[in-house]
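One rule links them: number in the numbering used here = place in the sequence shown (from 1) + 1424.
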Amino acid sequence: MKHIPLYSLILTILLILSGCITNQNNNTTTYEKDVYIHAVITNDSIYPFRIISENILLIFTNIFDGLVEFDEFFGIQPDLADSWTNPDHYTWRFNLRHNVQFHNGDPFTAEDVKFSIEEIYISYTTIIKEVTIKDNYTIDFITYNPYPRLLQLLAQNFYVLPHQYYQNPENYWPIGTGPYQLTDYAENNYTTLEQFNNYWGEQPRIKTVVFKIIENADERVDALHQAWLTVLT
């Protein structure tokens, strides 16, 4: 499942949640202190540079956005593409969101989508014959054959990366447009995500998230028990 905000996953990965309050009068969120979530997951899941299923679910979906995403019923919802059409049986035309920033400040445009398809997700080129930029915020995917499942495929596994940043081979830090940005990690220990203040969508309720490994099975069970107590109280 693609882009799942961390605050939607609290009941499954939460260990500690405290200190977050919402001002109901002006719809803004304030914090008494940073709020931490300690996830009971393996090292593979917290390493932010490794593409595996657990990592994609917990880390990547909060750093990166795609063109479309699944909702809780696996329906297709807009993400970085706010609408799309089919001018013909072979063409998918995506209208992209304006005023979206990557975590490093680069503006999001159609160039980033084209780069991500042609240079990062090259397996898509077996389906997509050509990627044509109409303007900065309109892009066409032209398929070899009619492909009605393209939206589902994109929602399942496609993220947009900043083309200018990744043109430099020395740049490897994960940079996306998602609600969280990577701020720190220690291999075999923890990964820290911080709320991205310039996120284009709804700001998450949790400011700082720490995914931390708990290797001892008894400690994991106890931590899960404490998490349920925290939720219930």
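Backbone N, C-alpha and C define an ideal beta-carbon position, used for all residues, glycine too.
None of these values were measured; they are calculated from a predicted model.
C-alpha of V1645 to C-alpha of F1518: approximately 46 Å in a straight line. Taking Y1545 as the centre and dropping the five residues before and after it, the same chain places the C-beta of F1582 closer than 7 Å to its C-beta, in chain order. A check of alpha carbon separations from T1607 across T1615, V1492 and N1640 identifies T1615 as the nearest. Cβ-Cβ separation between V1555 and I1541: approximately 5 Å, consistent with a contact (criterion under 8 Å). Per DSSP, the unbroken alpha helix (DSSP H) holding K1538 starts and ends at A1534 to F1539. The C-alpha of P1531 lies about 17 Å from the C-alpha of N1595. Rounded to whole angstroms, the Cβ separation of Y1609 and F1620 is 16 Å, and the two are not in contact under 8 Å. Short of 6 Å from the beta carbon of P1586, and not among the five residues preceding or following it, lie these beta carbons of its own chain, in chain order: F1526, D1530, D1536 and I1599. By the neighbour-count criterion, in which 16 or more other beta carbons inside 10 Å mark a residue as buried, W1508 falls on the buried side. Minimum Cα-Cα distance from F1539 among the listed residues I1557, H1522 and L1481 corresponds to I1557. T1549 and I1563 have their C-alpha atoms spaced approximately 15 Å apart. N1510 is classed as exposed because its beta carbon has fewer than 16 other beta carbons within 10 Å across all chains shown.
The beta-carbon separation of Y1514 and I1552, rounded to 10 Å, does not stay under the 8 Å limit for a contact. Under DSSP, P1502 shares a beta bridge with V1492. Residue pairing by DSSP places E1618 opposite Q1605 and T1632 in a beta bridge.
Between the C-alpha atoms of N1486 and P1572 there is a straight-line separation of about 27 Å.
DSSP lists F1565 as the bridge partner or partners of W1516. Collapsing the DSSP output to three states places E1554 in a strand.
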